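Numbering-wise (the numbering used here), the sequence shown opens with residue 175 and increments by one.
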Amino acid sequence: MSARHFIVFTFLFFGFTSFAQKATLSGYIKDATSGEGIIGASIYIKELKTGNVTNTYGFFSLSVQPGDFTLVFSSSGYVKEERKVTFSSKNQTLNIELVPASSELAEVRVLANALDENVKGIEMSVNKIDIKTIRKIPALLGEVDLVRAIQLLPGVSTVGEGASGFNVRGGGVDQNLVLLDDAPVYNSSHLFGFFSVFNPDAVKDVKLFKGGIPSQYGGRVSSILDVKMKEGNAKKLEVNGGIGVIFSRISIEAPLIKDKASFIVAARRSYIDVLAKPFLTGNNADAAFNFYDLTAKVNYNINSKNTVFLSGYFGRDVFGTGFGFNWGNSTISARWNHVFSNKLFLNATAFYSNYDYLLDSDLKNKRPSDAFRWTSNIENLSFKPDFTYYLTPDNTLTFGAQVLTYQFSPGKAVASSNGDRREFGQSNKSGVELSAYVGDEWRLSPRLSVQYGIRYSNYDYRSDDGVYYERISVPASIENPTSFTLKPIQIAPTASVANYGNWEPRFAMNLKVGDNSSFKASYNRLAQYVHLMSNTAASTPLDVWTSSTNNIKPQIADQVALGLFKNLGESGNDYETSVEVYYKEMQNQIDYADRANLFLNPLFEKDLLFGKGRAYGAEFYVKKNVGKLTGWVSYTLAKSERLIEGLNNNEWYVNRYDRTHTLNVVGQYTLSPKWSFGANFAYITGVPYSIPSQKYIYEGIAYPQTLPGTRGNIRVPDYHRLDFSATKKNKKALFGKGSSEWVFSVYNVYNKRNPFSIYTQPNDTNTLKTEAVQLSIIGSFVPAVTYNFTF
């Protein structure tokens with residue numbers, strides 16, 4: 175059956191089944207203390223042993239034959255509620271507010287409500303961490319960090335401290351789509367990777383998709399990190415904040431119109447430069463080294479059928495001693511929720527996203543005749559309507575479309591010397607990505623559920639200056655080791671240079687094989703039309719984002735995953751366990767010729783090499799949900815390889831994201847209502863790198879040389895680290911009200927000097943010799959204390 179026939183059949187079938195006369199109940203489930211919608215809350219019909227869950231905004235819909243039923247409303251962290259409801263022939267609306275469970279009732283709640291969504295749900299290769307758990311994990315300098323928390327999950331790793339982003343199942347940093355209220359964030363790190371851009375006081379929900387990705391998502395080939403912001407307390411004023419060693423933060427949320435409109439504003443600012451300023455003299459007196467961000471959101475519930483949201487993020491890092499270097503993200507998201515009927519829900523989103531950086535040798539205009547200025551940015555505009563149609567409690571249809579525009583300014587530089595001015599760099603590019611999708615989640619029986627769908631994406635690339643380059647082969651030489659050059663071709667600025675279209679099928683299934691266990695399987699194909707140009711082991715703020723072009727084909731990934739999920743314990747769900755295996759094939763992977771020049775090079779495409787990749791592995795996960803001691807253990811055994819034409823004698827080699835073993839142990843222990851403790855241990859195989867096997871001598875200086883066929887021939891020593899934290903809760907917070915706590919933490923407890931990289935260089939005392947140098951970003955334990963408050 176062709177994809178077109180599949181879609182037609184799907185709509186015809188669903189249209190036919192919807193004619194049956196049923197009664198429909200819909201509404202919202204919200205937090206009783208803040209008025210925010212609860213994501214993934216469960217609505218269970220006792221008599222029919224079926225139900226549904228709320229969407230991202232807390233909306234639900236149930237359609238059954240008319241009658242009297244008992245409905246159970248529940249969600250993790252809340253006291254469940256039962257209601258007797260009469261389903262009549264008329265459509266009905268019911269809004270529910272759940273009360274958060276107190277810490278004293280937490281264990282009873284867990285035992286009473288089956289936390290078995292990991293077994294019952296169709297999602298696999300998906301991890302969700304609530305912000306309360308993230309806050310308990312020991313972190314660098316005592317600061318809660320979302321990205322560092324997800325690096326403790328199976329299948330997720332990082333190059334090391336001081337590296338931006340994260341790697342998922344052997345993929346690169348650029349292969350992860352990071353969304354903040356649906357807007358993409360291109361650099362998710364502050365301070366060169368030590369902290370993430372997400373303010374924990376403004377985060378509501380965090381979800382990481384590593385596989386089995388639903389059809390509404392696309393654009394990257396490794397993972398989707400979907401972060402949802404809080405909407406603001408619609409009941410009362412609430413202030414949260416923290417004072418730490420390196421930065422402080424504060425958030426304010428309150429109703430604008432009680433129960434109808436609310437807002438949240440959250441801000442952070444580091445102050446290393448402020449504290450150090452009295453001690454800086456000479457050329458360093460004006461040194462800048464800080465980051466700041468502002469996160470804000472407002473929403474207005476117009477009526478029972480319409481709600482609008484407006485959210486934004488604005489953050490920047492500033493670094494400079496005699497020169498200026500700054501980079502940052504900006505996003506704005508506008509949303510409209512509309513309930514067409516008790517069965518049809520619309521979420522329409524428009525967003526703007528920008529990532530840019532600036533390197534300037536003369537920010538304060540001290541030497542206008544002798545200066546250098548380098549700028550780069552990537553910019554998005556998008557509109558995306560998403561529809562959800564609740565056919566029955568067992569069948570939910572999703573469909574929608576998106577138009578997404580890209581504007582690339584890969585790098586422009588202006589240099590002035592003695593009054594002479596020169597401009598150089600890469601030409602601007604633009605692209606438009608159009609996509610449409612349809613998907614269905616269908617519970618075929620109490621034991622078997624399926625989720626299937628298809629997505630089509632089309633990308634059109636244009637060169638803004640009316641020139642594009644054709645890549646052609648040339649005889650190999652020392653000056654041109656990649657054996658390629660680029661031939662410029664004139665074209666009308668409005669003409670299309672390259673156009674790509676891809677069908678992206680998705681499928682997932684859940685087969686229950688016992689009361690508390692299930693077998694799951696999934697397949698997805700993903701296409702990616704943007705690429706991060708970086709030939710270093712870790713990405714940096716100066717890396718260049720570029721478009722798919724006539725020379726750079728879109729990345730394509732096909733992934734299959736199988737998993738067994740089982741819950742154990744006295745209640746049946748005290749412990750969550752899972753084992754997943756996956757295999758991923760990737761097309762049009764990019765690597766780089768030796769000595770490739772990517773910065774400000776208008777002909778950088780000649781230095782790119784292309785091929786394919788594969789990644790496969792097994793992920794093991796055990797989580798304890800109840801008792802004074804909670805936490806999880808995750809272990810990943812994995813392999814990630816590339817086969818690139820012209821590299822490593824055209825043989826497979828492990829790529830720079832390959833990690834054979836990754837082990838994480840996370841624990842939280844509640845000693846009393848006043849004291850709690852946290853610890854985590856991380857162990858990870860060192861990254862591969864290529865060590866020179868010989869050297870050549872030029873003008874009395876030895877230079878290391880890497881021979882062909884030796885890519886990834888050795889590894890950096892293994893990484894391991896232990897962190898610890900202790901939290902002391904106080905009776906009152908600032909101004910004698912609310913609550914507060916002191917968090918004491920030690921990062922890298924046993925003082926491990928973990929290597930970030932190893933490189934070779936000429937010896938300082940004997941230039942005829944070369945030496946290996948090990949670089950460590952954090953070489954000692956790091957103690958910290960943070961004061962958090964809420965009132």
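Beta carbons are placed, not taken as given, at the ideal position from N, Cα and C, and that holds for glycine.
All figures in this text were calculated on a predicted structure; none of them were measured in a lab.
| Item | Value |
| --- | --- |
| Should Trp806 be labelled buried (16 or more other beta-carbon atoms within 10 Å of its own) or exposed? | buried |
| Based on Cα-Cα distance, which residue from Phe525, Pro374, Gly334 and Lys694 lies nearest to Leu484? | Phe525 |
| Quick check for students: name the residue ranges of the beta strand (DSSP E) that lie wholly in the region 357–437, counting only runs of 3 or more. | 377–383, 397–403, 412–417 and 421–431 |
| In angstroms, rounded to a whole number, what distance separates the CA positions of Leu314 and Gly860? | 21 Å |
| Look at Tyr580 and Asn554 and say whether their C-beta atoms are less than 8 Å apart. | yes |
| When the Cβ atoms of the region 435–443 are set against those of the region 399–412, are three or more pairs found closer than 8 Å? | yes |
| Taking Cβ positions, are Ser507 and Asp356 nearer each other than 8 Å? | yes |
| For the candidate residues Gly841, Phe421, Glu297 and Leu782, whose alpha-carbon lies nearest to that of Asn373? | Phe421 |
| If you check the beta carbons only, do Thr198 and Ser237 fall under 8 Å apart? | yes |
| Please classify Leu845: is it buried, with 16 or more other beta-carbons within 10 angstroms of its beta-carbon, or exposed? | exposed |
| Relative to the C-alpha of Pro667, which residue among Gly605, Val641 and Phe369 is closest? | Val641 |
| Buried or exposed for Ile858, going by 16 or more other Cβ atoms inside 10 Å? | buried |
| Look up Ile888 in the DSSP assignment and say whether it is helix, strand or coil. | strand |
| Reducing DSSP to helix, strand and coil, say where Ile952 ends up. | coil |
| Please name the residue or residues paired with Leu742 in a DSSP beta bridge. | Tyr749 |
| Go ahead and pull the three-state DSSP assignment for Ile303. | coil |
| Would the region 301–319 count as touching the region 391–398 if we require 3 or more Cβ pairs under 8 Å? | no |
| Which first and last residues belong to the alpha helix (DSSP H) in which Ala323 is found? | Leu320 to Ile324 |
| Thinking Arg680 and Tyr626 are a contact (beta carbons under 8 Å), I'd like their distance in whole angstroms, please. | 7 Å |
| Pull the bridge partners of Phe243 from the DSSP assignment, please. | Val259 |
| With a cut-off of 8 Å on the beta carbons, I'd call Thr523 and Lys558 a contact; round off their distance for me. | 5 Å |
| Okay, do the region 603–612 and the region 564–579 touch, 3+ Cβ pairs below 8 Å being the bar? | yes |
| Can you look up Phe514 in the DSSP assignment and give me helix, strand or coil? | coil |
| In the structure shown, what three-state DSSP assignment does Leu896 receive? | strand |
| Quick one: complete beta strand (DSSP E) runs, 3+ long, within the region 457–494? | 462–477 and 480–494 |
| Would you mind stating whether Ser913 and Thr964 have Cβ atoms separated by less than 8 Å? | yes |
| What does Arg617 pair with, by DSSP beta-bridge criteria? | Ser623 |
| If you drop the 5 nearest sequence neighbours on each side, which residues of the same chain put their C-beta closer than 6 Å to that of Asn829? | Ser814 and Arg816 |
| Would Tyr749 and Asn762 qualify as a contact pair, given that the criterion is a beta-carbon distance under 8 Å? | no |
| Do you know offhand how far Gly345's Cα is from Gly593's? | 46 Å |
| Compute the beta-carbon to beta-carbon distance between Gln702 and Gln729, rounded to the nearest angstrom, for a pair I have assumed lies under 8 Å. | 4 Å |
| If contacts are defined as beta-carbon pairs under 8 Å, then Val342 and Gly329 qualify, I think. What distance do you get, rounded to the angstrom? | 6 Å |
| Taking the DSSP output, what are the residues bridged to Gln581? | Glu553 and Ser604 |
| Taking just the CA atoms, how far does Asn350 sit from Ser436? | 32 Å |
| Lys694 lies in the alpha helix (DSSP H); which residues open and close that run? | First-last for Lys694: Ser691 to Gln702, but that is the beta strand (DSSP E), not the alpha helix (DSSP H). |
| Just how far apart, CA to CA, sit Val923 and Leu411? | 39 Å |
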